[in-house]
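Numbered per the working numbering, the sequence shown spans residues 10 to 161.
Every residue, glycine too, gets a C-beta built ideally from N, C-alpha and C.
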Amino acid sequence: MYGLMNKNTLGSLAVVLVGVAAFGTMLAFYEQPTACPCNSSSSPNPWYPCIHNPCPKVTLTVQSYRINTPTNLTLNILNAGAFPKALIAYYVKDSTGVQFANSNWSGPTIPPAVAISINILIDGRAFTFQTGMSYTVTIVDSTYDQFAFTTS
């Protein structure tokens, strides 16, 4: 059988076999990714599945609130997350379900681990703030995450 192959055929076959072996070795020892990029479900390496680490979540929490006037409520909000949050809208709903919307609000950007005071203003036509009543304030950030807080 070997007598039928010439030197050129054997040389070409050897080059192909060495190339396949080298490629297989590179695949076997290629560094596997430890995690996917944040908010991604695809691995940068198609040979290994994506190992998910959750992305850091930003959490806004109300530390306190105060009714200043029938149309002004102050919230003291803490950004307990790792990234700044730019606020773009808020909605206020009273205990009967009537809602006031401010969807065109240029709110502040809250740095991580910082608490700030935010005035929530309503027009007073649908309802007014009254001590002892319950209100739900929903704040929307620039990534359209929503954070709801209830006063009582």
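{"Item": "Is the beta carbon of Leu-84 less than 8 Å from the beta carbon of Ile-129?", "Value": "yes"}
{"Item": "How long is the line joining the alpha carbons of Arg-75 and Leu-82, rounded to whole angstroms?", "Value": "6 Å"}
{"Item": "Apart from the five residues on each side of it in sequence, which residues of its chain come closer than 6 Å, Cβ to Cβ, to Val-149?", "Value": "Ile-97, Ala-98 and Gln-155"}
{"Item": "Apart from the five residues on each side of it in sequence, which residues of its chain come closer than 8 Å, Cβ to Cβ, to Ser-104?", "Value": "Met-142, Ser-143 and Tyr-144"}
{"Item": "Could you check if Gly-116 is buried or exposed, using at least 16 other CB atoms within 10 Å of its CB as the buried criterion?", "Value": "buried"}
{"Item": "For the beta strand (DSSP E) containing Asn-81, list its first residue and its last residue.", "Value": "81 to 88"}
{"Item": "Can you tell me which of the three DSSP states Ser-126 falls into?", "Value": "strand"}
{"Item": "Would Asn-88 be called buried (16 or more neighbouring beta carbons within 10 Å of its own) or exposed?", "Value": "buried"}
{"Item": "Just how far apart, CA to CA, sit Gly-20 and Phe-92?", "Value": "60 Å"}
{"Item": "Per DSSP, which one or two residues make a beta bridge with Tyr-144?", "Value": "Asp-103 and Thr-160"}
{"Item": "Starting from Ala-110, trace the beta strand (DSSP E) both ways and give me its first and last residue.", "Value": "108 to 111"}
{"Item": "Taking 8 Å as the cut-off, decide whether the C-beta atoms of Ala-124 and Gln-72 are in contact.", "Value": "yes"}
{"Item": "Looking at Thr-78: is its Cβ nearer than 8 Å to the Cβ of Asp-132?", "Value": "no"}
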